[in-house]
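Residue numbers (UniProt numbering): 1 to 1189. Even glycine gets a Cβ: it sits at the ideal position worked out from N, Cα and C. Below is one structure, written out as structure tokens; the observations come after it.
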């Protein structure tokens, strides 16, 4: 399909194929009837020698090789084509049956159409109707309509079309030949383009009266959306009707009757009045692939299935008939369901299965015994055509295999044509939700609060549908109500449609859910698209992958969704650009590739010549660079650089004009910087492609080009992170996230933006040796190197804190795995970000049977060193924890949105995205908990990640895999100050056992402890006793840490702080509900100790008076810190407000000591009668000296 339109001219053979941008306007002898644009060339191709109907009859009976088309005389039959799952059989034929029209230095490949016509007998009219819709879309934006093309600098076709031009200034940079620097000036956004042209001409002409203004056009080349204002937009709308008529004639469709059904003398009858049952006969399947015949003993359809609108009616009829060689024959198959009960969207599916022949030569599983049939392929057909007549074939059934002939399916002939007539909506009485009893309201609110319709139980659905009339005030409940509809038969539709008409329009975020596969009804989807019209271009681009996937769930080509996408692409070049590459990437889909090809043809038809030429140049670049990347990947290590240089030089020689990159239309390059191109030493051997910026003031453009890897999963992960960042920004939380671009340009290939001034953590850490990942200072010292002043370093540290918090939340929610230090990068400005999302949704990277990703997310001690500003915890770490918890709770509020977006991508075929994986995201978001409980939960995750040694060992393993090193770095000599004697195994024998025998309390003059240590050695009968202080143990611990950096030594015992000096503050959250007092201990900062050592603080609370200490509650102990973070909830149940008004809350902070009594650090006493318990109170309270209970 659409081969004649030359969708991808680089994938088909051409004669004297010009380089991108060449030959578009050339004229010469013999080229009078050939237009410069290949699409316009089709326009001028007229066939006056015979009527289209005669051509249709001729082509319908004969193939290009002269053979008679099988099944062409069956007037009531459908040709169903099985789509194979075998990759080696899934390649489409190309370059067959073409005529070549050639002018001077110009050629265009135009297929005759005969090779397609034998596959299109029943599809012509739907495609023709689709073309008529394209005509309407294209004519909706004429160049002389001031509402769509007002002539302002900021016009509706620009990005952010809703921006107010009156309050916006635009910086204009104009390149003039002969000038070394561009001319730059500023104008208002509501200025006309003529003003810009005149301003530019003032620099090159002295007298503007001698200049013809009509000879100049404006091309805006360096803004996020490319404005192709070439003179006027009239060139883009020339002769659309002639183009469409020529398009229809290529498929043997009479232009005069495009889209009309064949005339029939039969009367029509509504489907709902038809009593006949659905039945059909599958006659034969021809041209079965030889590989199937040799590998399978039996081929059979198992099962035949009729699928209707949810709740689905699935009826299975199994007919197991052995297929003799190249032919299969089946009896009539009848479904026990009347046609009157079939919804409009009913689909008939036929699957082909085979029983493996274990003894077959060349069988991939010759040594295995199959227990069941193997799936080979399937075909689906809607039972009602696009114009609602029953038993019409659908265009999506074109073959994915050029050699597999269609299987004729015969439906019984009735004396009338069955047509589906939609019902008229009835009126639903709206009832007040508040009139329901309290228990019913609570039940409904609980159902509304569920994240998606997948969670609804049978009871939930029955209850929701029963109370639907009370739900109008909760407009976001509509998707759940529609998912609860018990039946979608004709009699139920009037009330369903009335709900849609009376419902308050949903915001685009919630309307998007109605495009999911569980809503197949055309009216529901049409209403959803109508509500989506309000979405801005910026958000539309964000959600465009989901829209493209939702096209699969449309029954017909000319749907409201497809018209919506093409209309918005016409209004925004940014939308058109991204839609082009998403559609182009989807052409490889074995089941929906033909549909996407038709939509892509419609997009190219409406977008205009200038943009088509840009797409052609981009496709040419992708193909050429992809060929070089494949050669480099297959070359040996020593020959890769030579292969790369030769390949890139060949690409450079073919470049004639500037070109834009698929990553972003605002990136314009004029040539390759061949010497700066290189490759990365990873499994896929991706290329670093360096390009010279067309803007003389712009930086060099660097991108990564990958082959052999599916980048669609990276695109999805980056899309989710980008949406998270926008949610945070809308809530006033800027986490300084680095959002880079990634695009899949075809099957297992694509481009990734390279972030400048950034480095992987591995390269930073290995500067300190192979064990650099176990050291705390590498990241901080690397940032110091690029931020010399204290002010610059503080700014970089702040960027690190905020971006690290965002990365922790995003990677945890999405379950990003394979997080080694080559997949985490750091900018010199302090911004941290993650790359390479090949493992997500909890699919961890395995090292044998060892799960490499064991921590919830990556948070290591060197990151904590930057966050704290040193080794010891500070209040900056509390800021980091608060940022993590705040951003986590903000994402939790939009849990249903993320689940809906991922649900729409289930059909994309990503191996790590299934319905079960959605449960992972739901569990990660803790959707059934309160914000306070989620804060506590995420705080524990931070503690778990920071305390995990598995992450550092994972880093070390990756360092060892990437580095060649001669030995471990040397360490300084460890000499103990309290033991000048050197002990050796030879002289003193091996130490067998060391234990703390006892300890003694001493004063000098302050209190301190002496520990009596008993030492038992091999060969000695008696133990020896030595006396050591805590400081001496601390020194031994430090020296052992230097000698054995890979070993995790036991925790330190802090020195005994003295009593007397008190300082610091504690942050509390106090709330009351359901007769329960909730005290959340959040943070403590700036604790003071007598001797300056770090304490191990914990919090203890009482409700006074409490003579028997029955209200005592405690937090966990936070080791060796003056600024602990707890986020722990202390709960006092069964207390009325009146009782609490007579109580005081006493909170004490103590330091836990293992071998002595705990040390008091401060206290705060709060009179609860001073608090408004009807709302939450969050505040900092100063610690004071007070007696401890």
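Distance between residue j and residue i (C-alpha atoms, nearest Å)
{"i": "residue 780", "j": "residue 715", "result": "31 Å"}
{"i": "residue 1093", "j": "residue 757", "result": "40 Å"}
{"i": "residue 1165", "j": "residue 1144", "result": "7 Å"}
{"i": "residue 792", "j": "residue 988", "result": "55 Å"}
{"i": "residue 811", "j": "residue 774", "result": "22 Å"}
{"i": "residue 1066", "j": "residue 1123", "result": "10 Å"}
{"i": "residue 732", "j": "residue 890", "result": "11 Å"}
{"i": "residue 784", "j": "residue 176", "result": "43 Å"}
{"i": "residue 77", "j": "residue 415", "result": "Low confidence applies here, because residue 77 scores a pLDDT of 37, under 50, leaving its location unreliable; read the following figure in that light. Their Cα atoms are separated by approximately 16 Å."}
{"i": "residue 459", "j": "residue 913", "result": "28 Å"}
{"i": "residue 1100", "j": "residue 843", "result": "41 Å"}
{"i": "residue 1205", "j": "residue 126", "result": "Only positions 1 to 1189 of the chain appear in this structure, which leaves residue 1205 out of reach."}
{"i": "residue 590", "j": "residue 743", "result": "20 Å"}
{"i": "residue 787", "j": "residue 1142", "result": "56 Å"}
{"i": "residue 769", "j": "residue 763", "result": "10 Å"}
{"i": "residue 801", "j": "residue 861", "result": "13 Å"}
{"i": "residue 200", "j": "residue 172", "result": "10 Å"}
{"i": "residue 588", "j": "residue 552", "result": "14 Å"}
{"i": "residue 542", "j": "residue 894", "result": "16 Å"}
{"i": "residue 677", "j": "residue 653", "result": "15 Å"}
Bounding residues of the alpha helix (DSSP H) (the contiguous stretch that carries residue i)
{"i": "residue 198", "result": "193-201"}
{"i": "residue 1174", "result": "Neither: residue 1174 is in no alpha helix (DSSP H) and is coded neither H nor E."}
{"i": "residue 875", "result": "875-892"}
{"i": "residue 817", "result": "First-last for residue 817: undefined, no H or E at that position."}
{"i": "residue 934", "result": "931-946"}
{"i": "residue 564", "result": "560-571"}
{"i": "residue 915", "result": "915-924"}
Contact check, residue i vs residue j, beta carbons under 8 Å
{"i": "residue 339", "j": "residue 418", "result": "yes"}
{"i": "residue 826", "j": "residue 761", "result": "yes"}
{"i": "residue 186", "j": "residue 169", "result": "yes"}
{"i": "residue 385", "j": "residue 428", "result": "no"}
{"i": "residue 625", "j": "residue 689", "result": "yes"}
{"i": "residue 562", "j": "residue 586", "result": "no"}
{"i": "residue 1161", "j": "residue 1068", "result": "no"}
{"i": "residue 903", "j": "residue 484", "result": "no"}
{"i": "residue 1128", "j": "residue 1120", "result": "no"}
{"i": "residue 1140", "j": "residue 1163", "result": "no"}
{"i": "residue 928", "j": "residue 899", "result": "no"}
{"i": "residue 390", "j": "residue 271", "result": "yes"}
{"i": "residue 817", "j": "residue 833", "result": "no"}
Burial state of residue i, where buried means 16 or more other Cβ atoms lie within 10 Å
{"i": "residue 202", "result": "exposed"}
{"i": "residue 231", "result": "Note that residue 231 scores 35 on pLDDT, short of 50, meaning its location in the model is unreliable and no value can be drawn from it."}
{"i": "residue 1021", "result": "exposed"}
{"i": "residue 210", "result": "exposed"}
{"i": "residue 887", "result": "buried"}
{"i": "residue 139", "result": "exposed"}
{"i": "residue 1180", "result": "exposed"}
{"i": "residue 584", "result": "buried"}
{"i": "residue 639", "result": "exposed"}
{"i": "residue 706", "result": "buried"}
{"i": "residue 1256", "result": "With the chain represented from 1 up to 1189, any question about residue 1256 goes unanswered, as that position is not in the structure."}
Segment limits, beta strand (DSSP E) that includes residue i
{"i": "residue 1080", "result": "1076-1085"}
{"i": "residue 593", "result": "Element bounds for residue 593: not the beta strand (DSSP E) but the alpha helix (DSSP H), 593-607."}
{"i": "residue 659", "result": "659-661"}
Runs of beta strand (DSSP E) lying entirely within the stretch 696-753, each at least 3 residues, in chain order: 701-707, 742-746 and 749-753
Segments of 3+ residues assigned as beta strand (DSSP E) that fall wholly inside the stretch 830-864: 832-834
Length-filtered (4 minimum) alpha helix (DSSP H) runs lying within the stretch 481-524: 493-502 and 508-511
3-residue-minimum beta strand (DSSP E) runs that sit fully inside the UniProt domain "C2" (1062-1181), ordered along the chain: 1065-1073, 1076-1085, 1097-1104, 1125-1133, 1144-1151 and 1159-1167
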